[in-house]
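Shown next, in structure tokens, is the structure this report addresses.
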Amino acid sequence: MAVAKPSRTRLIYSAFGEDFVVASKGGADHDPAWFKDLQTKPTVGMQASLGRSFPLGV
524 MAVAKPSRTR LIYSAFGEDF VVASKGGADH DPAWFKDLQT KPTVGMQASL
574 GRSFPLGV
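See the structure below:
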């Protein structure tokens with residue numbers, strides 16, 4: 524089994540306290556490709572526009 528390489532996707536987000544809501548795909552009827560990756564391995568990192576980076580669990 525091949526190991527997947529990390530990837531980056533730019534998303535629109537809003538902060539709600541310590542939580543974040545992300546959106547992409549412009550309201551399409553189907554999920555974006557990266558969402559399937561999250562379902563397989565629900566661990567991601569996020570870098571906000573201010574340059575702060577931190578791990579996230581989904």
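For the sequence shown, the working numbering assigns the number 581 to the last residue and increments by one with no breaks.
Every residue gets a Cβ at the ideal spot worked out from N, C-alpha and C, and that includes glycine.
Distances from the CA of Lys548 to each of Asp542, Gly540, Trp557 were compared; the closest alpha carbon is that of Trp557. Comparing alpha-carbon positions, the option among Lys564, Gly550, Gln570 lying closest to Lys528 turns out to be Lys564. Non-local C-beta neighbours of Ala546 in its own chain, meaning closer than 8 angstroms and more than five positions away in sequence, comprise Leu534, Ile535, Tyr536, ordered along the chain. Per the DSSP secondary-structure output, Phe543 pairs in a beta bridge with Ala538.
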